[in-house]
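Per the UniProt record's numbering, residue 1 is the first one in the sequence shown, and the count goes up by one each step.
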Amino acid sequence: MAQRLGKNPEDYPDAKFQPHVQVALRLKAKGGSARNGDVIPYVFCVAPGEETVKTAQADRAKHPDEIKRAAGELTVDYEHYLANQVLPPIERLCEPIEGTDRARLAECLGLDPGRYRISGSTPAGSTLTTLDSLVSDAERFRDVAPFLVRCRGCAGQMAFPPIYDRDVCDRIPICT
């Protein structure tokens with residue numbers, strides 16, 4: 001990540017909460033230059049044995065050169081990036097897919113699904129159902145255009161029957 005300084009790093013009243021300012025202040029303390037208008041690159045890291053959740057975000061921001069000098073003492077906080085930059089867009093993309101939820105997507109990304117479960121006010125023992133699950137497939141898909149299959153041999157077309165109509169599936173003609 002990288003962020004432009006809007007003022008000199010010492011002029012920020014809330015510097016301890018802003019990762020790019022923390023990196024700029026450390027850079028200046030080591031004799032480097034950081035002033036208004038500079039773009040400050042940083043990466044969120046974790047020290048060995050350190051937990052992502054327990055450390056302030058700005059304290060975990062490191063300049064790429066700091067990571068190189070640390071010689072393996074710091075590792076990129078992949079969990080932070082997966083949870084904050086990868087999971088949200090995937091969640092928005094998968095929202096229309098029935099059966100997906102934030103916890104399941106987090107688990108697929110290797111994150112702890114327990115942190116992403118939505119605790120609701122559902123009474124114990126009850127289950128939530130959607131309207132789609134109460135409507136038969138024949139009714140739900142009645143206005144869907146049929147899937148057309150073209151035979152490579154004879155170039156003929158036929159409508160592929162819906163999967164829920166099992167009797168028709170047994171009578172599908174096969175071109176030879």
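Note that the Cβ used here is the ideal one computed from N, Cα and C, for glycine as well.
Span separating the alpha-carbon of residue i from that of residue j
i	j	result
ARG142	VAL76	51 Å
ARG140	GLY99	17 Å
PHE17	LYS68	24 Å
LEU74	VAL46	6 Å
GLU95	ASP101	7 Å
PRO64	GLU91	30 Å
ALA24	ASP14	14 Å
GLY114	PRO48	23 Å
CYS151	LYS62	60 Å
LEU93	ILE118	18 Å
GLY32	GLU50	28 Å
ALA56	ALA70	20 Å
Collapsed DSSP secondary structure at residue i in the structure displayed
i	result
LEU74	coil
CYS154	coil
LYS62	strand
VAL46	strand
ALA34	coil
ILE90	helix
PRO41	strand
PHE17	helix
ALA159	strand
ARG4	strand
Proximity to residue i [Cα-Cα], best of the options
i	options	result
PHE147	ALA24, MET158, PRO13 and VAL43	MET158
PRO9	MET1, ALA2 and HIS20	HIS20
LYS7	ALA29, ALA34 and LYS28	ALA34
GLN85	ALA106, LEU27 and GLU66	ALA106
PRO161	CYS151, ALA145 and ARG152	ALA145
TYR116	LEU93, ALA138, ILE97 and PRO88	PRO88
PRO41	ARG26, ALA103, GLY31 and GLU50	ARG26
GLU66	GLY37, LYS30 and ARG104	LYS30
Own chain partners of residue i with C-beta closer than 7 Å, once the 5 adjacent residues on each side are dropped
i	result
ALA58	LYS16, PHE17, GLN18, PRO19 and GLN22
TYR12	GLN18 and VAL21
ARG60	PHE44, CYS45, VAL46 and ASP77
LYS28	PRO9 and ALA34
Proximal residues to residue i (C-beta, below 6 Å), its chain only, five neighbours per side dropped
i	result
VAL39	ALA2 and ARG4
SER136	none
GLY72	none
ASN36	LEU5, LYS7 and ASN8
beta-carbon residue i near the ligand PLP non-hydrogen atom, thresh 7 Å
i	result
ARG140	For the structure depicted, the ligand PLP is absent and the ligand set is empty, with no information on it obtainable.
Chain C contact for residue i (CB, 8 Å cutoff)
i	result
TYR12	Reference to chain C is not applicable here, since this structure consists of a single protein chain.
Neighbourhood of residue i by C-beta distance below 8 Å, restricted to the same chain and skipping five residues each side
i	result
ARG104	PRO113
Flag this pair as touching only if the stretch 75 to 95 and the stretch 104 to 120 have three or more C-beta atom pairs under 8 Å; answer yes or no.
With the cut-off at 8 Å, the stretch 75 to 95 and the stretch 104 to 120 touch.
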